[in-house]
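The structure appears below as structure tokens.
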Amino acid sequence: MRIEFLGGAGEVGKSAVFIKDRDTNIILDYGTKLQTDPPSFPVEAEDVSAAILSHAHLDHSGGLPILYKKEKPPLFTNDITLESISLLLKDSMKIARKEHYPLPYSRTDFKKMLKHAKLMMYEEDFKIDNFHCQLYDAGHIPGSAGILLDNGKRIFYTGDIKLDSTRLLNGCKLPIDIDVLITESTYSDREHPDREEEEKKFLASIDEALSLDETTLVPVFALGRAQEVLLILEKYADKIALDGMAKKASEIVLDFKHYLKDPKKLKNILKKITWVRTDAERERAVKKYPIIVTTAAMMGGGPVLYYLRHLSSRPEAKVLFTGFLIEDSPAKVLIDTGLFETIEEKFNVHCDLHQFDLSSHAGHSELIEIIKRTNPKQVICVHGDECKDFAKGIESKLDIPATAPKNGDILEI
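Here the working numbering = 1-based position in the sequence shown + 26.
So, in structure tokens, the structure goes:
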């Protein structure tokens with residue numbers, strides 16, 4: 027059996043792992059890297075027997091329609107993930123048209139992908155030739171899944187994973203006695219702060235803005251982070267305006283409430299907040315609502331730019347980031363320099379800027395615990411900037427062979 031790393035090895039973005047055994051070729055994720063201009067995609071995959079998608083985020087799903095230019099492989103995923111990638115990929119196509127860069131797939135390819143989807147439940151058995159397969163709840167975003175492949179050798183691919191529960195989701199579920207563990211390594215080099223304490227600091231910052239009769243802007247990812255933030259802000263629900271793709275993503279999440287830890291609580295919050303749907307409502311929201319939750323998290327586009335322009339001259343207004351900021355993204359540059367800059371515009375932001383760690387990825391200790399629980403014979407570290415150091419640490423601490431491949435590498439199992 028061979029494992030080829032077509033993307034996402036030694037980097038965060040364009041995740042793609044190609045499992046080959048005899049005449050069976052299975053793609054695990056096929057994403058895009060949004061940090062490049064234009065976005066980049068994995069190495070081309072040919073003779074694909076099937077694709078399995080771990081979750082909807084574009085760094086794992088954004089290139090999937092490419093697989094349907096020449097072929098028609100089944101796409102195994104679950105219901106909420108299929109609905110979510112439909113939303114996110116349509117938005118990607120819209121942005122590509124607006125910014126005048128070509129995508130390596132067409133709307134026809136996208137429709138073929140949707141048509142060939144096979145929907146699975148967590149831990150439901152399905153077969154791809156000689157492989158027995160299952161999806162395990164990964165605890166990252168609603169519908170996220172680790173992928174188990176078993177053809178005599180048991181391979182488990184974590185996708186993006188979270189061991190500890192959050193307000194939105196329960197922690198991940200794991201298979202045991204794995205031969206090969208392919209693990210994400212996003213936060214392999216650091217620990218997350220205590221979640222409860224971090225939430226208290228986040229809420230204290232909101233309270234400070236409210237006491238000054240000022241506005242707080244919270245840029246979020248539409249799927250997962252937006253809903254987590256709303257749950258943290260439950261007591262302020264009537265003061266919140268929700269804008270951007272976070273609106274539609276929240277509707278999708280509620281449509282598939284069986285993935286959630288406490289769907290009733292989220293439903294009640296979504297009833298109380300104000301939904302911004304038009305330009306006129308946006309203009310009213312920035313004047314009336316003290317808390318604005320909106321996309322995009324990295325500030326590369328979306329309604330967040332409208333609000334930032336309006337708040338930029340107000341030093342007591344707050345902009346609160348809730349997780350990792352991609353290097354060189356407008357959001358990262360803003361918090362480092364106080365300057366907002368894109369190709370289209372550039373201006374100073376005088377607001378009070380803060381970054382909190384409300385991550386939906388496993389930190390270092392969680393990753394080590396995941397390795398211990400799955401009890402693998404071999405570990406492969408991907409999806410991170412410090413994969414090599416993480417692999418060395420696994421070997422020294424756990425005495426398990428570990429490697430950190432580069433894009434294009436092939437491992438024989």
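We treat Cβ as the ideally placed atom computed from N, Cα and C, and that holds for glycine.
In this text, all values refer to a predicted model and were calculated from it rather than measured experimentally.
Proximity winner among the options, relative to residue i (alpha-carbon distances)
i                 : options                        : result
methionine 324    : Leu360, Thr242, Ile299, Lys314 : Leu360
arginine 399      : Lys199, Asp288, Arg193, Asp85  : Lys199
valine 508        : Met119, Val319, His126, Ile29  : This structure leaves residue 508 out entirely; the chain is present only between 27 and 439.
glutamine 61      : Ser385, Glu395, Ser355         : Ser355
arginine 216      : Ile394, Lys261, Arg308         : Ile394
asparagine 196    : His376, Lys283, Tyr94, Glu72   : Lys283
methionine 146    : Phe182, Ser112, Tyr127, Thr107 : Thr107
phenylalanine 228 : Arg180, Ala306, Arg303, Asp383 : Asp383
isoleucine 45     : Cys159, Pro65, Ser132, Leu113  : Cys159
tyrosine 148      : Phe136, Leu129, Ala171         : Ala171
leucine 207       : Ile173, Asp105, Lys290         : Ile173
tyrosine 127      : Glu438, Met119, Ile258         : Met119
valine 38         : Glu72, His86, Asp281           : His86
glutamate 412     : His390, Lys291, Leu236         : His390
leucine 257       : Thr192, Asn433, Lys40          : Thr192
aspartate 239     : Arg180, Val279, Ile317         : Ile317
tyrosine 131      : Phe182, Ala311, Asn177, Tyr56  : Tyr56
aspartate 73      : Thr429, Leu54, Thr50, Asp63    : Thr50
leucine 424       : Ile397, Lys414, Lys141         : Ile397
alanine 143       : Leu93, Ile121, Phe182, Asp117  : Leu93
lysine 137        : Arg308, Glu342, Ile111, Val69  : Ile111
serine 214        : Tyr333, Glu438, Ile420, Ile278 : Ile420
lysine 96         : Gly88, Met139, Leu115, Thr58   : Met139
aspartate 135     : Ile121, Ile278, Leu54, Lys116  : Lys116
Bridge-paired residues (DSSP) for residue i
i             : result
glycine 389   : Tyr213
aspartate 176 : His158, Arg180
proline 245   : Thr320
glutamate 421 : The partner list for glutamate 421 (beta bridge, DSSP) is empty, contrary to what the question assumes.
glycine 33    : Ala42
glutamate 4   : This structure leaves residue 4 out entirely; the chain is present only between 27 and 439.
Integer Cβ distance of residue i from residue j, believed to fall under 8 Å
i             : j                 : result
alanine 272   : threonine 209     : Not quite, the Cβ-Cβ distance comes to about 29 Å (not below 8 Å), so this is no contact.
alanine 77    : leucine 90        : 7 Å
leucine 161   : alanine 275       : No, leucine 161 and alanine 275 are not in contact; Cβ-Cβ is about 21 Å, not under 8 Å.
histidine 387 : lysine 188        : 6 Å
serine 211    : phenylalanine 416 : 5 Å
tyrosine 333  : valine 319        : With 8 Å as the limit, tyrosine 333 and valine 319 do not qualify as a contact, their Cβ atoms being about 10 Å apart.
proline 245   : alanine 71        : Rounded, the Cβ-Cβ distance is 34 Å, inconsistent with contact.
Residue i burial status per 10 Å Cβ neighbour count (16 or more: buried)
i              : result
arginine 48    : exposed
serine 67      : Note on residue identity: the sequence assigns phenylalanine, not serine, to residue 67. Per the 10 Å Cβ criterion, buried.
isoleucine 52  : buried
arginine 123   : exposed
proline 431    : buried
tyrosine 261   : As written in the sequence, residue 261 is lysine, which differs from the tyrosine given in the question. Burial call: exposed.
asparagine 294 : exposed
asparagine 104 : buried
aspartate 314  : The identity of residue 314 in the sequence shown is lysine, whereas the question assumes aspartate. Exposed, since its Cβ has fewer than 16 Cβ neighbours within 10 Å.
threonine 241  : buried
glutamate 370  : exposed
leucine 184    : The amino acid at residue 184 is misidentified as leucine; the sequence shows threonine. It is buried - the Cβ of threonine 184 has at least 16 other Cβ atoms within 10 Å.
proline 341    : exposed
Residue i at chain D interface by Cβ criterion, 8 Å
i          : result
proline 68 : No chain D appears in the structure shown, which is made up of a single protein chain.
(request) Say whether the segment 347-363 touches the segment 281-299, bearing in mind that this needs 3 or more beta-carbon pairs closer than 8 Å, one atom from each stretch. (result) no
(request) Could you say if the segment 166-183 and the segment 81-98 meet the contact criterion of at least three C-beta pairs nearer than 8 Å? (result) yes
(message) With three or more beta-carbon pairs closer than 8 Å as the criterion, would you say the segment 139-159 touches the segment 91-109?
(response) These segments touch.
(request) Decide yes or no for the touch test of the segment 325-343 against the segment 255-275: beta carbon pairs closer than 8 Å, at least 3 of them. (result) Touching, yes, given that three or more Cβ pairs across the two stretches are closer than 8 Å.
(message) Check whether the segment 399-412 and the segment 227-242 are in contact - that is, three or more C-beta pairs closer than 8 Å.
(response) no
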